[in-house]
Every structure is written in structure tokens, then in C-alpha cells.
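J.: These protein sequence lines are chains V and A, in that order. Taking our numbering, I'd label the letters of the first sequence as residues 377 to 820. Taking our numbering, I'd label the letters of the second sequence as residues 13 to 89.
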Amino acid sequence: MDFKSEWKKLLFIAGVFLACFYLPVGSSRFDNAVGESLHLVKWYAREHVLLCLVPAFFIAGAISVFVSQASVMKYLGARANKILAYGVASVSGTVLAVCSCTVLPLFAGIYKMGAGLGPATAFLYSGPAINVLAIILTARILGLELGIARAAGAVLFSVVIGLLMHIIYRKEEEQKTTSQMAMPEPQAARPLWKNALYFASMVGILVFANWARSGDVRAVFLCCPGGLTTYQVEGALISKTEQNLKILDTSGQTHEVPAELVQQVQDVGKNSIYELIYRIRWLLVVLLLGAFSLMVLGWFTKHEIGEWLAATWGFAKQILPLLLLGVLVAGFLLGRPGHEGVIPTKWINAAVGGNSIWANLFASVAGAFMYFATLTEVPILQGLLGAGMGKGPALALLLAGPALSLPSMLVIRSVIGTQKAVVYICLVIVMATISGMIFGAVWG
Amino acid sequence: MIKIQILGTGCPKCKKLLENAESAAKELGIEYEIEKVTNINEIMKFGVMLTPALAVDGQVKSVGKVISPDEIKKMLV
Numbered sequence: 377m378d379f380k381s382e383w384k385k386l387l388f389i390a391g392v393f394l395a396c397f398y399l400p401v402g403s404s405r406f407d408n409a410v411g412e413s414l415h416l417v418k419w420y421a422r423e424h425v426l427l428c429l430v431p432a433f434f435i436a437g438a439i440s441v442f443v444s445q446a447s448v449m450k451y452l453g454a455r456a457n458k459i460l461a462y463g464v465a466s467v468s469g470t471v472l473a474v475c476s477c478t479v480l481p482l483f484a485g486i487y488k489m490g491a492g493l494g495p496a497t498a499f500l501y502s503g504p505a506i507n508v509l510a511i512i513l514t515a516r517i518l519g520l521e522l523g524i525a526r527a528a529g530a531v532l533f534s535v536v537i538g539l540l541m542h543i544i545y546r547k548e549e550e551q552k553t554t555s556q557m558a559m560p561e562p563q564a565a566r567p568l569w570k571n572a573l574y575f576a577s578m579v580g581i582l583v584f585a586n587w588a589r590s591g592d593v594r595a596v597f598l599c600c601p602g603g604l605t606t607y608q609v610e611g612a613l614i615s616k617t618e619q620n621l622k623i624l625d626t627s628g629q630t631h632e633v634p635a636e637l638v639q640q641v642q643d644v645g646k647n648s649i650y651e652l653i654y655r656i657r658w659l660l661v662v663l664l665l666g667a668f669s670l671m672v673l674g675w676f677t678k679h680e681i682g683e684w685l686a687a688t689w690g691f692a693k694q695i696l697p698l699l700l701l702g703v704l705v706a707g708f709l710l711g712r713p714g715h716e717g718v719i720p721t722k723w724i725n726a727a728v729g730g731n732s733i734w735a736n737l738f739a740s741v742a743g744a745f746m747y748f749a750t751l752t753e754v755p756i757l758q759g760l761l762g763a764g765m766g767k768g769p770a771l772a773l774l775l776a777g778p779a780l781s782l783p784s785m786l787v788i789r790s791v792i793g794t795q796k797a798v799v800y801i802c803l804v805i806v807m808a809t810i811s812g813m814i815f816g817a818v819w820g
Numbered sequence: 013m014i015k016i017q018i019l020g021t022g023c024p025k026c027k028k029l030l031e032n033a034e035s036a037a038k039e040l041g042i043e044y045e046i047e048k049v050t051n052i053n054e055i056m057k058f059g060v061m062l063t064p065a066l067a068v069d070g071q072v073k074s075v076g077k078v079i080s081p082d083e084i085k086k087m088l089v
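Below, the structure is given as C-alpha cells:
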């Protein structure tokens with residue numbers, strides 16, 4: 377045996393053996409956490425995959441194939457209008473950053489060959505947060521307001537960070553010479569209204585298929601040991617006794633809340649249009665699906681449809697395994713909302729409960745260094761929120777997390793140098809902390 | 013001897029393009045050398061910002077998409 381080449385394998389096997397030897401099966405916390413992680417996976421599979429993720433993959437596929445990236449990039453070129461460049465950079469992540477692995481090359485390109493450091497950092501910050509898949513999944517699982525806050529916060533603060541970076545380094549920027557960009561040739565364009573209708577019908581299907589019933593009551597209660605954070609549940613009241621309150625929420629989960637934690641129970645005002653849409657939602661979906669099929673068959677060539685399906689399948693293949701793993705890990709560590717995983721909720725409450733500056737700062741710093749594979753930030757955040765994380769720190773983590781990770785920091789450093797990278801990272805952490813605090817103060 | 017370069021930071025699409033380029037070159041039966049360019053600053057020197065991209069003898073031929081072996085063959089001859 378050649379020990380020199382085999383020692384790594386030996387170490388690995390020894391490690392696995394030790395892990396198995398001391399496997400804490402039988403300890404109630406461990407067994408419970410395994411159950412939690414399986415419950416969470418089942419819940420995702422039942423509630424989110426067919427109606428939410430599958431249409432989202434089709435939309436992302438369509439964007440990556442049918443929206444001409446060259447037409448967006450011309451606003452980020454070297455001779456582009458500077459003010460327009462910031463605006464375009466801050467929102468173009470929806471179109472350009474459909475896959476997280478495209479963000480860094482685009483960032484480097486905009487910096488070195490295009491509109492410069494300011495727009496490049498604006499793009500780098502907002503890109504991962506506002507790609508379609510991230511917005512859809514965040515809004516669906518973590519709630520509409522957090523989804524919107526994530527997108528709006530990312531766009532707004534990306535411009536601020538971009539401008540700050542530009543001001544700090546404006547002298548260097550003036551001396552920089554730019555090289556020529558290589559761009560794909562623009563494809564034969566479809567009239568804009570056709571593209572708009574096509575995308576609108578897809579988004580419509582996604583929205584109506586997921587139209588949730590509004591609940592009858594909304595309960596606000598203190599969450600978790602320590603009770604720093606309030607938690608809201610909307611649904612039908614099952615029972616109310618002296619000891620506890622049982623609510624069946626709109627996604628089909630039952631929540632049992634000890635009566636002493638309940639702060640408020642109120643009736644939900646019924647909005648008649650909202651209820652009507654809920655009742656006819658399948659009719660709307662079928663109509664839209666019909667219109668959509670006609671558009672696809674009438675306007676697109678076979679080749680285009682093939683490319684679109686290939687891109688959609690590509691996203692599904694790339695993201696589903698990561699998400700499954702992310703959900704399993706999040707469920708194991710943190711449990712479902714209202715249940716405990718391996719990590720005691722006490723700790724989470726102490727670190728990121730409430731809306732203090734420390735909770736927000738801790739969330740931003742942790743998010744900045746942690747690596748989240750595409751979309752896995754969503755189940756992890758869901759677990760943290762359920763275990764007592766405040767909504768402010770949750771937003772802080774959502775803003776700092778996907779924009780930065782230790783590996784991406786290293787690439788950024790190689791592109792813009794150590795000093796600029798450090799300034800950028802500090803700006804991101806500060807901005808994420810501030811937006812978390814504002815959001816927590818308003819909606820927490 | 014043709015030099016084929018695949019520009020990309022290592023996402024699944026780049027690997028697919030590498031496979032396609034290799035099979036195209038093999039089918040043509042030409043003498044070739046294939047190189048993966050993964051360093052982001054090297055990629056920028058080509059002027060490419062949408063990965064994956066394909067360069068033949070230093071000339072960028074395709075940007076931002078995975079192209080089929082048939083399309084690559086046309087670029088190699």
C-alpha cells in the first residue's frame with residue numbers, strides 16, 4: 377500500500393467511522409431533529425414544488441433565453457449615460473443574474489470594460505437578491521412583505537453603495553482605460569408587446585395558482601424562550617382554551633400557542649375581490665394556460681421552444697438537489713416553525729431575536745461570510761424565523777447573505793484589489809444592518 | 013493545431029460547453045488543444061463577461077450560451 381497517496385482516504389474513513397460510532401441516535405434531540413428535517417422536506421414537496429418552483433423554473437428559463445442580454449448590457453457600457461447606468465445596474469439582476477454563477481463575471485466586466493466601479497458594485501449587490509427565482513421563493517415561503525422588502529431594499533441600497541464606492545475611488549476611475557466588450561449578436565427580436573404578454577401570462581399563472589385563502593383570524597404572539605420576537609399566524613381558529621390556542625394556518629399547518637404568549641387575536645377583514653379570486657383561481661389558471669399555449673405555438677419557432685425547455689431543465693437540475701439539501705439541513709438544525717431542531721431556539725433568540733443593532737449586525741456579518749448555494753438561504757431563514765429570529769435581522773441576512781460569501785470575496789478581491797474589496801464588504805454589512813433595523817422597526 | 017479555449021468560472025454550463033467542444037473537435041479529426049480559462053481576470057482580457065464563452069485561436073466565437081457540437085464544428089473549420 378502506498379501510504380503517501382492513500383492517507384487522505386484513510387483519514388476520511390476513520391472520520392466517518394468515528395461519526396457513526398458516536399452517532400447520537402436515541403438522544404431525543406437528535407431523533408427529533410431528524411424527524412423535523414423530514415417533515416420540512418415533505419412540506420416543501422407538497423406545498424411549494426409543483427405550484428411555485430416549477431412555474432418559476434419556466435419563467436427563469438424564458439428570461440435567460442428570450443431576453444436579449446446584449447440589449448441590457450448596452451446601458452452598462454463604457455460610454456453609457458452614468459445616471460442611467462446606476463438605474464439599469466440596480467435592477468438588471470432580474471434579467472442578467474438568473475444563475476448566481478453569472479454575477480461575478482458580469483461584475484468584473486462592468487468594472488473593467490463598462491460603466492465603471494459604481495454601477496458594477498450596484499449590480500454585484502442587487503443581482504443575487506433580485507433574480508426571479510429568489511424573489512418568488514422568498515415571497516412564497518417567508519411572506520410577501522419580506523419578499524418585497526428584499527427586492528426593494530436590494531435595489532435601493534445597491535445604488536447607495538455604488539455611488540459611495542464611486543465617490544471614494546473617483547480619482548482612480550478617471551484614469552482607467554477601458555477595453556472592448558465582446559457581446560453576443562442580438563437575436564431576431566420579437567415585438568416588445570409579444571414578449572410582455574408572454575411573460576405576463578406566465579407570471580399570472582404563478583400568482584393565481586398560489587393564491588392563498590385568507591384566514592378568519594390573525595393571532596400575534598411572543599415567540600420562543602425569552603420572547604423577544606413576535607410571530608404572526610393567519611388561519612382558522614380551531615380551539616381556544618385557558619391553556620392554549622390552536623390555529624390552522626392558510627398553508628395547512630397547525631400551530632399550538634400557549635395562552636400566556638398570545639398578545640392579540642383579531643378577525644381578518646374579508647376582502648370580497650380577494651375571496652372571489654380565490655374561488656375562481658383554477659379557472660383563471662386554465663384560461664391563462666390556454667392563452668399561453670397559443671402564444672408559444674404561434675409566435676415561437678421549434679428551435680426557440682427547444683432552447684427554452686433546455687434552459688428550464690437546466691435550472692431544475694442545478695437548483696433542486698441544492699434546495700433539497702438546504703431544506704434537510706435547515707430542518708435538522710432549526711426545525712419547522714414552532715418546533716425545535718438540533719440548535720436550541722434559546723440561542724437563536726439570544727443572537728438574532730428582536731431588532732437590536734447587535735442582532736442586525738450579527739445577522740449581516742454572519743450572512744456576509746456564509747456561503748448560501750442558490751436559494752438555500754430561504755429554508756435556512758425560514759428555520760431561523762420560526763426559531764425566534766426577528767424580521768429585521770432576517771432582512772439583514774437576506775441582503776448581506778447571497779451578495780457575499782467567503783469564496784466570492786476572494787474573487788472580488790482579485791478583480792478590484794484588497795482595499796476596495798474591504799471597503800465594499802464593510803459597506804454591505806453596514807447597509808444590510810441599517811435596512812434590517814428600519815424594516816424591523818416598521819414591520820417587526 | 014487549433015487552440016480551443018473555454019471561458020467560464022466553472023458552472024455546469026461551462027462544463028457542458030467543454031464537452032461539446034471536445035466532441036466537435038474529435039469528430040472533425042483535427043489536431044487541437046483545449047484549455048479551460050477559469051480565472052476571472054483572464055476571462056476579462058478576452059472582453060467576455062457573459063459566460064460560458066468559446067474562443068478559437070484567441071478569437072472569441074460565442075458568448076453567453078452553450079452551443080451544440082454542430083455549431084462549434086462550423087467555428088473550427
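Cβ atoms here follow ideal geometry from the backbone N, Cα and C, with glycine treated the same way. A quick note: this is a predicted structure, and the numbers were derived from the prediction, not measured.
(1) By alpha-carbon positions, which one of V:Ala739, V:Leu624 and V:Val508 ends up nearest to Ser440 (chain V)?
(2) Would you mind sorting Ala390 (chain V) into buried or exposed? The rule is 16 or more other CB atoms within 10 Å of its CB.
(3) For Leu30 (chain A), I'd like the list of residues in its chain whose CB is within less than 6 Å of its CB, leaving aside the five on either flank, ordered along the chain.
(4) Per DSSP, Gly332 (chain V) is paired with what?
(5) Taking C-beta to C-beta, are Glu73 (chain A) and Met87 (chain A) nearer than 8 Å?
(6) Can you name, in chain order, every residue of its own chain whose Cβ lies under 6 Å from the Cβ of Val703 (chain V), other than the five neighbours on each side?
(7) Are three or more beta carbon pairs between the region 783-799 of chain V and the region 444-454 of chain V nearer than 8 Å?
(8) Using CA atoms only, rank isn't needed, just tell me which of V:Ser466, V:Arg594, V:Met489 and V:Tyr650 is closest to Leu624 (chain V).
(9) Would you grab the beta carbon distance between Gly711 (chain V) and Glu412 (chain V) for me? Rounded to a whole angstrom, and I think it's under 8 Å.
(10) CB-CB under 8 Å to Ile524 (chain V), same chain, minus the five flanking residues each way: which ones, in chain order?
(11) Ordered along the chain, which non-local residues of its own chain (more than five positions away) have a Cβ less than 6 Å from that of Val791 (chain V)?
(12) Along chain V, in chain order, which residues have C-beta atoms closer than 7 Å to that of Pro24 (chain A)?
(13) Of the residues A:Asn53, A:Met56 and A:Leu66, which one's Cα is nearest the Cα of Ile14 (chain A)?
(14) Can you tell me which residues form a DSSP beta bridge with Gly490 (chain V)?
(15) Who are the Cβ neighbours of Ile879 (chain V) in its own chain at under 8 Å, not counting the five residues just before and after it?
(16) Excluding the 5 residues flanking Val78 (chain A) on each side, which residues of the same chain have their C-beta closer than 6 Å to its C-beta?
(17) Compare the C-beta of Gly59 (chain A) with all C-beta atoms of chain V and state if any pair is closer than 8 Å.
(18) Chain A beta carbons: is any one of them nearer than 8 Å to that of Ser413 (chain V)?
(19) Helix, strand or coil for Tyr398 (chain V), going by three-state DSSP, please let me know.
(20) State whether the region 533-542 of chain V contacts the region 798-807 of chain V, with contact taken as three or more CB pairs (one from each stretch) at a distance under 8 Å.
(21) If you follow the beta strand (DSSP E) that Glu47 (chain A) is part of, which residue opens it and which one closes it?
(22) Okay, do the region 763-776 of chain V and the region 689-700 of chain V touch, 3+ Cβ pairs below 8 Å being the bar?
(23) Does the Cβ-Cβ distance between Ala772 (chain V) and Ala739 (chain V) come in under 8 Å?
(24) State the Cα-Cα distance for the pair Val75 (chain A) and Ser404 (chain V), rounded to the nearest angstrom.
(25) Any residues in the region 30-52 of chain A with a beta carbon nearer than 9 Å to a beta carbon of chain V? Which ones, in chain order?
(26) With distances taken between CB atoms, is the gap from Leu751 (chain V) to Ile695 (chain V) smaller than 8 Å?
(27) Contact between the region 425-443 of chain V and the region 722-735 of chain V: three or more CB pairs below 8 Å?
(28) Which one or two residues does DSSP pair with Leu66 (chain A) in a beta bridge?
(29) Expressed to the nearest angstrom, what Euclidean distance is found between the alpha-carbon atoms of Ala510 (chain V) and Asp82 (chain A)?
(30) Can you tell me the Cβ-Cβ gap for Met489 (chain V) and Ala454 (chain V), rounded? I've got them flagged as a contact below 8 Å.
(31) Around the Cβ of Ala612 (chain V), are there at least 16 other Cβ atoms within 10 angstroms (buried) or fewer (exposed)?
(32) Does the Cβ-Cβ distance between Met765 (chain V) and Val728 (chain V) come in under 8 Å?
(33) Can you give me the Cβ contacts of Pro64 (chain A) inside the same chain, cut-off strictly under 6 Å, excluding the 5 residues immediately before and after it?
(34) Exposed or buried, His679 (chain V), counting other C-beta atoms within 10 Å across all chains shown (16 or more means buried)?
(35) According to the neighbour-count rule (16 or more other Cβ atoms, all chains shown, within 10 Å of its Cβ), is Ser347 (chain V) buried or exposed?
(36) Quick one, which of V:Ala395, V:Glu651, V:Glu716 and V:Ser669 has its alpha-carbon nearest Ala763 (chain V)'s?
T.: Short version:
(1) Here the question's residue 440 (chain V) lines up with position 64 in the first sequence. Cα-wise, what sits closest to Ser440 (chain V) is V:Val508.
(2) Position 14 of the first sequence, counting from 1, holds the residue named residue 390 (chain V). Looking at its Cβ environment, which holds fewer than 16 other Cβ atoms inside 10 Å, Ala390 (chain V) is exposed.
(3) For this step, residue 30 (chain A) is matched to residue 18 along the second sequence. These residues qualify, in order along the chain: Ile18.
(4) Only positions 377 to 820 of chain V appear in the structure, and residue 332 (chain V) is not among them; the question remains open.
(5) Against the second sequence, residue 73 (chain A) aligns to sequence position 61. Against the second sequence, residue 87 (chain A) aligns to sequence position 75. The sequence as given places Lys at residue 73 (chain A); Glu does not occur at that position. Taking C-beta atoms as the reference points, Lys73 (chain A) and Met87 (chain A) count as a pair closer than 8 Å.
(6) The residue you call residue 703 (chain V) lines up with position 327 of the first sequence. Counting only residues of its own chain and dropping the five nearest sequence neighbours on each side, Val703 (chain V) has a CB closer than 6 Å to the CB of Leu416, Val417, Tyr420 and Pro755.
(7) Between the region 783-799 of chain V and the region 444-454 of chain V there are fewer than three C-beta pairs closer than 8 Å, too few to call the two in contact.
(8) Start at 1 with the first residue of the first sequence, and residue 624 (chain V) comes out as number 248. Ranking V:Ser466, V:Arg594, V:Met489 and V:Tyr650 by Cα distance to Leu624 (chain V) puts V:Arg594 first.
(9) Translated into the one-based positions of the first sequence, residue 711 (chain V) becomes position 335. Translated into the one-based positions of the first sequence, residue 412 (chain V) becomes position 36. About 4 Å separates the two Cβ atoms, so the contact holds.
(10) Here residue 524 (chain V) is taken as the residue at index 148 of the first sequence, counted from 1. Excluding sequence neighbours, Ile524 (chain V) sits near Ala515.
(11) By one-based count along the first sequence, residue 791 (chain V) stands at place 415. Excluding positions up to five away in sequence, the list reads Ala484.
(12) Translated into the one-based positions of the second sequence, residue 24 (chain A) becomes position 12. Going along chain V in sequence order, the residues near Pro24 (chain A) (Cβ under 7 Å) are Gln694.
(13) Numbered from its first residue, the second sequence carries residue 14 (chain A) at position 2. The shortest C-alpha separation from Ile14 (chain A) is found at A:Leu66.
(14) Position 114 of the first sequence, counting from 1, holds the residue named residue 490 (chain V). In the DSSP assignment, the residues bridged to Gly490 (chain V) are V:Gly453.
(15) Residue 879 (chain V) falls outside the range modelled here, since chain V spans only 377 to 820, and no answer is possible.
(16) As a position in the second sequence, residue 78 (chain A) is number 66, starting the count at 1. Leaving aside the five residues that flank Val78 (chain A) on each side, the residues in its chain whose CB is nearer than 6 Å to its CB run, in chain order, Lys25, Lys28 and Leu29.
(17) The count along the second sequence starts at 1 and reaches residue 59 (chain A) at position 47. For Gly59 (chain A), at least one C-beta of chain V is nearer than 8 Å to its own C-beta.
(18) Residue 413 (chain V) sits at position 37 when you count from the first residue of the first sequence. Taking a beta-carbon distance threshold of 8 Å, Ser413 (chain V) does not count as an interface residue toward chain A.
(19) Here residue 398 (chain V) is taken as the residue at index 22 of the first sequence, counted from 1. Correct three-state label for Tyr398 (chain V): coil.
(20) Flag = yes, the region 533-542 of chain V and the region 798-807 of chain V touch.
(21) On the second sequence, residue 47 (chain A) is found 35 positions in, with the first residue counted as 1. Looking at the DSSP string, the run of the beta strand (DSSP E) that includes Glu47 (chain A) is Tyr44 to Val49.
(22) Contact between the region 763-776 of chain V and the region 689-700 of chain V is absent, because fewer than three Cβ pairs lie under 8 Å.
(23) Here residue 772 (chain V) refers to the residue found at position 396 when the first sequence is read from its first residue. Here residue 739 (chain V) refers to the residue found at position 363 when the first sequence is read from its first residue. In this structure, Ala772 (chain V) lies near Ala739 (chain V), with their beta-carbon atoms less than 8 Å apart.
(24) Start at 1 with the first residue of the second sequence, and residue 75 (chain A) comes out as number 63. Start at 1 with the first residue of the first sequence, and residue 404 (chain V) comes out as number 28. Here the alpha carbons of Ser404 (chain V) and Val75 (chain A) stand approximately 54 Å from one another.
(25) Within the region 30-52 of chain A, the qualifying residues are Asn51 and Ile52.
(26) Locating residue 751 (chain V) in the first sequence gives position 375, counting from the first residue. Locating residue 695 (chain V) in the first sequence gives position 319, counting from the first residue. Yes; because the gap between Cβ atoms is below 8 Å, this pair is in contact.
(27) Cβ pair count under 8 Å is below three, so no.
(28) Indexing the second sequence from 1 puts residue 66 (chain A) at position 54. In the DSSP output, where bridge partners are listed per residue, Leu66 (chain A) has A:Ile18 and A:Ser74.
(29) One-based indexing of the first sequence puts residue 510 (chain V) at position 134. One-based indexing of the second sequence puts residue 82 (chain A) at position 70. Approximately 35 Å, taken between the alpha carbons.
(30) For this step, residue 489 (chain V) is matched to residue 113 along the first sequence. For this step, residue 454 (chain V) is matched to residue 78 along the first sequence. About 7 Å separates the two Cβ atoms, so the contact holds.
(31) Position 236 of the first sequence, counted from the start, is the residue given in the question as residue 612 (chain V). The residue is exposed, with fewer than 16 neighbouring Cβ atoms inside 10 Å.
(32) Walking along the first sequence from the start, residue 765 (chain V) turns up at place 389. Walking along the first sequence from the start, residue 728 (chain V) turns up at place 352. A contact, by the Cβ cut-off of 8 Å.
(33) What you label residue 64 (chain A) is simply residue 52 of the second sequence in a count that begins at 1. The answer, listed in chain order, is Gly20, Lys25, Cys26 and Leu29.
(34) Here residue 679 (chain V) refers to the residue found at position 303 of the first sequence. Flag for His679 (chain V) reads exposed.
(35) Chain V is shown from 377 up to 820; residue 347 (chain V) falls before or after that span and cannot be answered.
(36) If you number the first sequence from 1, residue 763 (chain V) lands on position 387. Ranking the options by Cα distance to Ala763 (chain V), first place goes to V:Glu716.
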